[in-house]
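Take a look at the structure set out below.
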Amino acid sequence: MNELNLLQAEIGRNFVIEKIDLDKESKLRLHTMGIHARNIYVKTGGNSASPVLISNVSNMSTPIALGQNLASNIIISYINANY
65 MNELNLLQAE
75 IGRNFVIEKI
85 DLDKESKLRL
95 HTMGIHARNI
105 YVKTGGNSAS
115 PVLISNVSNM
125 STPIALGQNL
135 ASNIIISYIN
145 ANY
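Numbering of the sequence shown is given in the numbering used here, commencing with residue 65 and proceeding in unit increments.
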C-alpha cells in the first residue's frame, strides 16, 4: 500500500493523520498549531503553488495553512464517516 501525503489529499474529503515524518521541533510546532495525529481533518484548499489549507472537523476549527514542505511530510488516510 502506498502512503498518501497531505499534498495528495482530495479537497473536501475527510482524513486522519497517520504519521508526521518531521523532526521533533517541527512536530511540536504543528501540535501547537492544533494539528494532532488521529484527529479528523478535511482539506479545504491548496494546490501545487499555494499553501495547503486544512480544518479540524472534530472541533470546527479555523483553517490552518501549511507550506508545501510540511504538507508533503504528513501521512494521511481517508475515512468514510461524515462528521
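Where is the CB? At the ideal position from N, CA and C, for every residue including glycine. Bear in mind the structure is a predicted one, so any value in this text is a computation, not a measurement.
Check, Outcome
"Find the nearest neighbour of S114 within the set N123, V121, N103 and I128, judged by alpha-carbon distance.", "I128"
"Among T96, G76 and N69, which one has its Cα closest to the Cα of K83?", "N69"
"Given Q72, which residues of its chain have a CB within under 7 Å of its CB, disregarding the five upstream and five downstream residues?", "none"
"For D92, does the count of other Cβ atoms within 10 angstroms reach 16, so buried, or fall short, so exposed?", "For the sequence presented, residue 92 should be read as Leu rather than Asp. L92 should be labelled exposed."
"Over what stretch of residues does the alpha helix (DSSP H) that includes T96 continue unbroken?", "K88 to M97"
"In whole angstroms, give me the CA-to-CA distance for N111 and N137.", "16 Å"
"Please go through the same chain and pick out, in chain order, the residues whose beta-carbon is closer than 8 Å to the beta-carbon of Y147, but skip the five residues on each side of it.", "Confidence in Y147 is poor, its pLDDT being 47 and thus under 50, which makes the residue's placement unreliable; the coordinate value appears in the next sentence. Excluding positions up to five away in sequence, the list reads N78, I104, V121 and S122."
"Note down, in chain order, each residue of its chain lying with its Cβ closer than 7 Å to the Cβ of D85, except the 5 sequence neighbours on either side.", "N137 and I139"
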